[in-house]
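Residue numbers (the working numbering): 2 to 343.
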């Protein structure tokens, strides 16, 4: 006798909870659930009712459907931030984190998108496929056609962060030449006349390093002081090589692009027996903690970036009022912090 095994019992699949389930548990209408969970301000709902809805949603594990919410609203709540294809330091990372938190408090979802290898209109086309409600573009080569493409795809706000405004976009103007001007003027005031400027060898950083170099030149124009460009990769071997020929260069001051490059160069100069600040005064930028831990303590250019909250509020205004006048703001401040290295 052949015994036929019993078929396993069908797996019971639990359907995802719906807003109707939340409404039944909370004792309210589905419309009320929608108003509460979508933070609708146009309808007044008592705090006890809001609390019941949130507690019911938490108990059931209900999560609103983003796509359905976008259809009802006529736009998404996604703010797209193209991920920089260049190394970014701690200062910029802190700014991005603060911005993401501020946008989250305004009920936006921030998505960082890696479009490595794409620039200009090609990058804008890739961003547009995701149908963001706003795009924040840091340091990319975005032109008016790219802005128009994003807006045709449904983006209500395009905000650029860079040295120049782009037609059709809100602009946060970041004058990195001001950083170089502050550093150059400081070294000159300290009696230095043969000044080197570190220019990072890493691809992509020229969008920041070239204006900083130009700023040093601007600050020293007509003074008789000389400026020497110093290409430097962020590697110990490269720094050691530069330090080995330092005396032949005859420099008595150096602006090292930022505090991280300054720390790299300082160690190499010290290993080579070059006294800082005795033989060469040294200044960085960004005012990072590492500069305060070095010996000698590092002089630096403190950079004041816009607050994440202010930028988030600009995005929110632009989304709510897409036809409003474009905003242009100069947002980067630069001030020298004088310490022992200069």
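Where is the CB? At the ideal position from N, CA and C, for every residue including glycine. The model shown is predicted, which means the values in this text are computed figures rather than measured ones.
Report the rounded CA-to-CA distance for residue i versus residue j, giving the unit in angstroms.
| i | j | result |
| --- | --- | --- |
| residue 188 | residue 301 | 11 Å |
| residue 332 | residue 319 | 18 Å |
| residue 292 | residue 91 | 13 Å |
| residue 54 | residue 62 | 12 Å |
| residue 74 | residue 95 | The predicted position of residue 74 is uncertain, since its pLDDT is 49 and thus under 50; a value taken from the coordinates is nonetheless stated next. Near 32 Å, if we compare the C-alpha coordinates of residue 95 and residue 74. |
| residue 242 | residue 274 | 13 Å |
| residue 113 | residue 138 | 11 Å |
| residue 264 | residue 310 | 31 Å |
| residue 45 | residue 64 | 22 Å |
| residue 179 | residue 107 | 33 Å |
| residue 271 | residue 289 | 20 Å |
| residue 190 | residue 308 | 31 Å |
| residue 256 | residue 100 | 30 Å |
| residue 244 | residue 120 | 36 Å |
| residue 341 | residue 218 | 24 Å |
| residue 326 | residue 185 | 37 Å |
| residue 23 | residue 157 | 32 Å |
| residue 391 | residue 297 | Residue 391 lies beyond the residue range present for the chain, which begins at 2 and ends at 343; the question has no answer from this structure. |
| residue 287 | residue 303 | 5 Å |
| residue 317 | residue 324 | 13 Å |
| residue 315 | residue 321 | 10 Å |
| residue 193 | residue 252 | 9 Å |
| residue 247 | residue 260 | 19 Å |
| residue 38 | residue 132 | 22 Å |
| residue 83 | residue 28 | 43 Å |
| residue 330 | residue 164 | 11 Å |
| residue 216 | residue 336 | 14 Å |
| residue 295 | residue 338 | 14 Å |
| residue 176 | residue 93 | 15 Å |
| residue 269 | residue 240 | 6 Å |
| residue 30 | residue 105 | 27 Å |
| residue 98 | residue 204 | 24 Å |
I'd like to know whether the C-beta atoms of residue i and residue j end up nearer to each other than 9 Å.
| i | j | result |
| --- | --- | --- |
| residue 305 | residue 334 | yes |
| residue 262 | residue 209 | no |
| residue 151 | residue 129 | yes |
| residue 81 | residue 136 | yes |
| residue 1 | residue 195 | A query on residue 1 cannot be resolved here, the shown segment of the chain reaching from 2 to 343 and no further. |
| residue 200 | residue 211 | yes |
| residue 134 | residue 148 | no |
| residue 48 | residue 26 | no |
| residue 254 | residue 282 | yes |
| residue 313 | residue 103 | yes |
| residue 16 | residue 34 | no |
| residue 197 | residue 267 | no |
| residue 220 | residue 278 | no |
| residue 79 | residue 109 | yes |
| residue 206 | residue 181 | no |
Classify residue i as helix, strand or coil using the three-state DSSP reduction.
| i | result |
| --- | --- |
| residue 46 | coil |
| residue 177 | coil |
| residue 221 | helix |
| residue 106 | helix |
| residue 230 | strand |
| residue 114 | strand |
| residue 1 | This structure leaves residue 1 out entirely; the chain is present only between 2 and 343. |
| residue 29 | coil |
| residue 62 | coil |
| residue 212 | helix |
| residue 81 | strand |
| residue 21 | helix |
| residue 54 | helix |
| residue 204 | coil |
| residue 346 | There is simply no residue 346 to check, as the chain begins at 2 and stops at 343 in what is shown. |
| residue 132 | coil |
| residue 321 | helix |
| residue 71 | Because residue 71 carries a pLDDT of 49, less than 50, the predicted location of this residue cannot be relied on, and the following value inherits that uncertainty. Three-state DSSP puts residue 71 in a helix. |
| residue 332 | coil |
| residue 91 | helix |
| residue 145 | helix |
Against chain D, with Cβ distances strictly below 9 Å, would residue i count as a contact?
| i | result |
| --- | --- |
| residue 188 | Included in the structure is just one protein chain, with no chain D present. |
Measuring CB atoms only, is the region 119-127 touching the region 138-148, in the sense that at least three cross pairs come out at less than 8 Å? yes
Check whether the region 228-246 touches the region 166-175, taking contact to mean three or more Cβ pairs, one atom from each stretch, closer than 8 Å. no
Sequence ranges, beta strand (DSSP E) only - wholly within the region 258-313, length at least 3: 282-284, 301-305
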